[in-house]
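J.: Each protein sequence line maps, in turn, to chains A and B.
Under the numbering used here, the residue at position 180 of the first sequence is numbered 184, and the numbers go up by one with no gaps.
Under the numbering used here, the residue at position 60 of the second sequence is numbered 64, and the numbers go up by one with no gaps.
Glycine included, each C-beta is placed from N, C-alpha and C at the ideal position.
My questions all concern the structure below.
Protein chains: 2
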Amino acid sequence: MSGQGDKNIYWHAPEVTVHDRRDANDYRSCVLWFTGLSASGKSTLANALSKAFHAIGVNSYVLDGDNIRHGLNKDLGFSPDDRKENIRRIGEVSKLFVDAGLIVLTAFISPYREDRDRVRSLFRDGEFIEVHVKCPIEVCERRDPKGAYQRAKAGQIRDYTGISAPYEEPLRPELVIKTATMSKQECYAAVLDYLGKNGYLGSELARKALLLPV
Amino acid sequence: MSGQGDKNIYWHAPEVTVHDRRDANDYRSCVLWFTGLSASGKSTLANALSKAFHAIGVNSYVLDGDNIRHGLNKDLGFSPDDRKENIRRIGEVSKLFVDAGLIVLTAFISPYREDRDRVRSLFRDGEFIEVHVKCPIEVCERRDPKGAYQRAKAGQIRDYTGISAPYEEPLRPELVIKTATMSKQECYAAVLDYLGKNGYLGSELARKALLLPV
């Protein structure tokens, strides 16, 4: 005896496929998975790109702590298990957005390699683009807009990535963006360049995006 | 002492707002929340509409058991608590899609009024459109493509909505679609008519969609 649906769920082809959606667009849906320390620049970069995508008519969406931790994942805390579940759900939601034809930009520290690799495994080849937003921790600490690094060092925040919890760098990210030594414009252009050269954005769209002010 | 992020999450305006996205489109993002018994026609209707939206250039996405139960909610079963959490997460994901500018179509039995009302409360006025896909259970049983009603009656599936678990009809749905007495074309047209008259679709888009074969 099983619960409703155990035998009642089956895969069938949806009426509109991701291929239909892509055929209608001059871009290819994917997830740009930004990973890096707090204050490394993930959100800033994701939002600058999303703004550009909007301006050139590319559907995109940023998933970040603001819209995830207050909503879908508000039942989760910061224990290792909860962090893992947090990233799992974000991965699954990203997959839905990619299936819907959007370019998704995720801006989460996502410190564990295993969690990121598990998300990657949800996607078809080429749909998951891991972007390591790399910045020395000293620079992140100096930026530290919310004083969190200072509080973490003072022991007022526990399990703080880079201070009292590990950050595992990606081993083979598709892109590394060094925000301490590159200007915002260079960071932005590096991502667009990747998307253009690898066929995620049509050449005309990539060119247009690069001409926009950041 | 708190976990990372407890003090580290705060709301800020995203760079591209839902208003920016809507301004760029001749339609208004919303969720069409189809609720009704198994085999009442929720998925069929949602997919027919999504196909039409795609044809007229309206971004939409169907959330249903296929893409949710195998992914985001694969950790959930069919207990009352799990069903509640299932609907909560679907509501939160719908909210992200609406924020991203899409018309979301959800096709879940969602039998409990309280759960649906909780989802409604996540949205701004007018963003949540509850569509009761109403069909007598005898008709659903006759359709019963997967033999689930028969198995439920034989006691082989427990907690089956309409047989051994309740279905609470919406009290004030925005729309009621009677799939036993209306043709597929009429059901489809009724939803489009609602969207056109209430400003979700520009009149030209609504007209185009109505001319498409279902």
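Ends of the alpha helix (DSSP H) at B:Leu-214?
T.: B:Leu-214 -> alpha helix (DSSP H) spans 207-215.
J.: Assuming A:Pro-132 is part of the beta strand (DSSP E), what are its boundary residues?
T.: Here residue 132 of chain A is Phe; the residue named in the question, Pro, does not match the sequence. 132-138 is the span of the beta strand (DSSP E), which, as asked, contains A:Phe-132.
J.: With a 10 Å radius around its C-beta and 16 neighbouring C-beta atoms as the bar for buried, classify B:Asn-202 as buried or exposed.
T.: That one is exposed.
J.: In the DSSP output, what is B:Ile-181 paired with across the bridge?
T.: Partner(s): B:Val-137.
J.: I want to verify the contact list: residues of chain B whose CB lies under 8 Å from the CB of A:Tyr-116, in sequence order.
T.: The premise fails here: A:Tyr-116 is roughly 13 Å from chain B at the closest Cβ pair, so nothing lies under 8 Å.
J.: Rounded to a whole number of angstroms, what is the C-alpha to C-alpha distance between A:Arg-25 and A:Glu-145?
T.: Cα to Cα, the separation comes out at about 42 Å.
J.: So, does the CB of B:Gly-75 fall closer than 8 Å to a CB anywhere in chain A?
T.: For B:Gly-75, the answer is yes, since a Cβ of chain A falls inside 8 Å of its Cβ.
J.: Would you call the segment 62-73 of chain A in contact with the segment 169-178 of chain A, where contact means no fewer than 3 C-beta pairs closer than 8 Å?
T.: No contact exists between the segment 62-73 of chain A and the segment 169-178 of chain A.
J.: Can you give me the C-alpha to C-alpha distance between A:Pro-177 and A:Val-20, rounded to a whole angstrom?
T.: Near 31 Å, if we compare the C-alpha coordinates of A:Val-20 and A:Pro-177.
J.: Could you work out which residues of chain B lie near A:Ser-96, taking near to mean beta carbons separated by less than 7 Å?
T.: It should be noted that the sequence gives Glu, not Ser, for residue 96 of chain A. Neighbours of A:Glu-96 on chain B, chain order: Gly-75, Leu-76.
J.: B:Tyr-65 by DSSP, collapsed to three states: which one?
T.: Strand.
J.: Just to make sure I have the definition right: I need the residues of chain A whose C-beta is within less than 9 Å of the C-beta of B:Asn-63. Which are they?
T.: Near B:Asn-63 (Cβ distances below 9 Å), the residues of chain A are Arg-25, Asn-63, Ala-104, Gly-105, Leu-106.
J.: Report yes or no: do the segment 35-50 of chain B and the segment 74-81 of chain A share at least 3 C-beta pairs separated by less than 8 Å?
T.: Flag = no, the segment 35-50 of chain B and the segment 74-81 of chain A do not touch.
J.: Under the three-state reduction of DSSP, which class applies to A:Val-20: helix, strand or coil?
T.: Coil, per DSSP.
J.: Let me know if A:His-136 comes out buried or exposed under the rule of 16 or more other beta-carbons within 10 Å of its beta-carbon.
T.: By the neighbour-count rule (16 or more Cβ atoms within 10 Å), A:His-136 is buried.
J.: By alpha-carbon positions, which one of A:Ser-83, A:Pro-84, A:Ile-91 ends up nearest to A:Asp-68?
T.: A:Asp-68 has its Cα closest to that of A:Ile-91, out of A:Ser-83, A:Pro-84, A:Ile-91.
J.: Using 7 Å as the cut-off, classify the Cβ of A:Thr-39 as near or not near the heavy atoms of the ligand FAD, replying yes or no.
T.: Annotation note on the ligand FAD: not contained in the displayed structure, which lists no ligands.
J.: Run through DSSP, which three-state label would B:Leu-80 get?
T.: Of the three classes helix, strand and coil, the one that applies to B:Leu-80 here is coil, per DSSP.
J.: What's the gap between the Cα of B:Arg-191 and the Cα of B:Gly-166?
T.: According to the sequence displayed, residue 191 of chain B carries Cys and not Arg. Their Cα atoms are separated by approximately 22 Å.
J.: Using 8 Å as the limit for Cβ to Cβ distance, is A:Val-20 near chain B?
T.: Closer than 8 Å to some Cβ of chain B, the Cβ of A:Val-20 qualifies, so yes.
J.: Between which residues of its own chain and B:Tyr-153 is the CB-CB distance below 6 Å, once the five residues before and five after are set aside?
T.: Taken in chain order, the residues that qualify are Glu-145.
J.: Here's a check: name, in chain order, each residue in its chain whose Cβ is nearer than 7 Å to the Cβ of B:Ala-156, leaving out the five neighbours to either side.
T.: Result list for B:Ala-156: Tyr-164, Ile-167, Ser-168, in chain order.
J.: For B:Glu-96, count the other beta carbons within 10 Å of its own beta carbon; 16 or more makes it buried, fewer makes it exposed. Which is it?
T.: Buried, since its Cβ has 16 or more Cβ neighbours within 10 Å.
J.: Does any CB atom of chain B fall closer than 8 Å to the CB of A:Lys-182?
T.: No, because no Cβ of chain B sits closer than 8 Å to the Cβ of A:Lys-182.
J.: So the candidates are B:Asp-70, B:Leu-199, B:Lys-188, B:Glu-208; which of them puts its Cα closest to the Cα of B:Gly-130?
T.: Out of B:Asp-70, B:Leu-199, B:Lys-188, B:Glu-208, B:Leu-199 has the C-alpha closest to the C-alpha of B:Gly-130.
J.: Could you give the first and the last residue of the continuous alpha helix (DSSP H) run that contains A:Asp-57?
T.: A small correction: the amino acid at residue 57 of chain A is Phe; Asp does not occupy that position in the sequence shown. That run of the alpha helix (DSSP H) goes 46-59.
J.: Whole angstroms is fine: what's the gap from A:Asp-30's alpha carbon to A:Gly-206's?
T.: Looking at the two C-alpha atoms, the distance is approximately 5 Å.
J.: Could you list which residues in chain A have their beta carbon closer than 8 Å to that of B:His-58, in chain order?
T.: Going along chain A in sequence order, the residues near B:His-58 (Cβ under 8 Å) are Val-20, Asp-24, Arg-25, Ala-28.
J.: Return the bridge partner residues of A:Ala-169 from the DSSP annotation.
T.: Paired residue(s): A:Thr-165.
J.: Just to confirm the assignment, what range does the alpha helix (DSSP H) spanning B:Ala-194 have?
T.: Here the alpha helix (DSSP H) through B:Ala-194 covers 188-201.
J.: Could you tell me which chain B residues have their CB closer than 7 Å to the CB of A:Lys-55, listed as they occur along the chain?
T.: The contacting residues are Glu-19, Val-20.
J.: Run through the segment 83-155 of chain A for me and flag every whole alpha helix (DSSP H) of 4 or more residues, listed as ranges in chain order.
T.: You should have 84-103, 117-126, 141-147.
J.: Compare the Cα-Cα distances from A:Ile-113 to each of A:Gln-189, A:Lys-88, A:Leu-196 and report the closest residue.
T.: Checked all of A:Gln-189, A:Lys-88, A:Leu-196; the closest Cα to A:Ile-113 is A:Lys-88.
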